[in-house]
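Below is one structure, written out as structure tokens; the observations come after it.
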Amino acid sequence: GNYVLVIHGGAGTITRNNMTADMEAAYTAALESSLKKGYAILQSGGSSLDAVEACIRMLEDDSLFNAGKGAVFTHDGSNELDASVMDGKTLAAGAVAGVRTVRNPITLARAVMEKSPHVMMAGRGAEQFAKEAGIEIVDTAYFRTEKSWKGLQRALQQDSLKALANPDTKFG
Amino acid sequence: TVGCVALDKQGNLAAGTSTGGMTNKKFGRIGDSPVIGAGTYANNNTVAVSGTGWGEFYIRNVVAYDLSALMEYKGLSVQEAGKTVIKKVGDLGGNGGLIALDKNGNMAMPFNTEGMYRGSATKDGRIGILIYK
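In structure tokens, the structure reads:
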């Protein structure tokens, strides 16, 4: 059968206008690594679900992207992560919202889909489920990056001025 | 936000999306990423979709499911359906993009804003990375 994999790294605040050659190389390398991981799974006969989870986990673990380790900060200075997954064969789905201590939210979303009768869990309840399902929990400090922290400080400053410098700014 | 859609050798589609949210968000705001049918959807009869962008508009347009429905009920191709749903997002004032992969392995990556990172790998081993703009 045919097998194909497509990934995205989000609607980034970093565009070619403000991207150095080193940054472009880093983004390209990260996307390529993720693709190779997923491709290897599909090539060896693995499932699309396994490929999707593996690809996203790699991007979550990379601080370049606004997911997992590179998550941006909320107004109160915390990181809140959301994720979802869906199986096209069964139409089963799983999602988590507002989790703060789960290293790979995509894996938790899959656990919600496969190990619970529910579709979505949120906040502390989702984290409790993660522990019971054996999903890796990390300290909230794991998600902090200087880039994201500075992004929050800039946003707070703009908030206080009640004006946005760029109407297309995505804030992550 | 990051996302992935895949088609395996058995013909099964899957989609996933993960996000760190929105800088400076308040009140426990939730975007489209964890909302099935808005930011993520997969159906073996049609397509797998993962979106990224201004979540409120993706939720209001039920973007990922809408793309699938346009293919299933109207017979649009994945490229036509993708373009249609992103136009709907833009017409309401939202921005973003998505990746979509149909049951035959045809892909679409429509968007209406800059800062888009994309990648694909096909059966023949070709890997493509695209950064716009």
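Chains A and B supply the protein sequences, listed in that same order.
FYI, the numbering used here numbers position 169 of the first sequence as 159, with every residue one higher than the one before it.
FYI, the numbering used here numbers position 59 of the second sequence as 206, with every residue one higher than the one before it.
We put the CB at the ideal spot given by N, CA and C, even for glycine.
Nothing here was measured: the structure is a model prediction, and the numbers come from that model.
1) I'd like the list of long-range same chain contacts for residue 168 of chain B, defined as Cβ closer than 8 Å, with 5 residues on each side in sequence excluded.
2) List, in chain order, every chain A residue whose beta-carbon is nearer than 7 Å to that of residue 157 of chain B.
3) Kindly indicate which three-state DSSP category residue 166 of chain B falls into: helix, strand or coil?
4) Under three-state DSSP, which class holds residue 267 of chain B?
5) Can you tell me whether residue 13 of chain A is buried or exposed, with buried defined as 16 or more other CB within 10 angstroms of its CB?
6) Return the CA-CA distance between residue 128 of chain A and residue 251 of chain B, expressed in angstroms with no decimal places.
7) For residue 56 of chain A and residue 150 of chain B, I'd like the C-alpha separation in whole angstroms.
8) Would a check of beta-carbon distances place residue 153 of chain B closer than 9 Å to chain A?
9) DSSP on residue 103 of chain A, reduced to helix/strand/coil?
10) If we count the other Cβ atoms within 10 Å of its Cβ and call it buried at 16 or more, is residue 220 of chain B buried or exposed?
11) Whole angstroms are fine: how far does the CA of residue 96 of chain A sit from the CA of residue 144 of chain A?
12) Compare the beta carbon distance of residue 245 of chain B and residue -2 of chain A with 9 Å and say whether it is the shorter of the two.
13) Quick one, are the C-beta atoms of residue 268 of chain B and residue 229 of chain B less than 9 Å apart?
14) Residue 104 of chain A: buried (16+ other C-beta within 10 angstroms of its C-beta) or exposed?
15) So, does the segment 180 to 194 of chain B touch the segment 78 to 90 of chain A, judging by three or more C-beta pairs under 8 Å?
Answer, in terms of the structure:
1) Here the set comprises 176 and 178.
2) Result: -9.
3) Here DSSP, grouped into helix, strand and coil, assigns residue 166 of chain B to strand.
4) Assignment of residue 267 of chain B by DSSP, reduced to helix, strand and coil, places it in the strand class.
5) Exposed, because fewer than 16 other Cβ atoms sit within 10 Å of the Cβ of residue 13 of chain A.
6) Residue 128 of chain A and residue 251 of chain B: Cα-Cα distance of roughly 39 Å.
7) Distance from the CA atom of residue 56 of chain A to the CA atom of residue 150 of chain B, rounded to whole angstroms, is 11 Å.
8) Cβ-Cβ to chain A under 9 Å: yes for residue 153 of chain B.
9) In the structure shown, residue 103 of chain A sits in a helix (DSSP, three-state: H, G or I).
10) By the beta-carbon neighbour count (other beta carbons within 10 angstroms, threshold 16), residue 220 of chain B is exposed.
11) The straight-line gap separating the alpha-carbon atoms of residue 144 of chain A and residue 96 of chain A is approximately 29 Å.
12) Yes, they are a contact pair.
13) Cβ distance not < 9 Å, so residue 268 of chain B and residue 229 of chain B don't count as in contact.
14) With fewer than 16 Cβ atoms within 10 Å of its Cβ, residue 104 of chain A is classed as exposed.
15) In short, these stretches touch, since the Cβ pair count reaches three.
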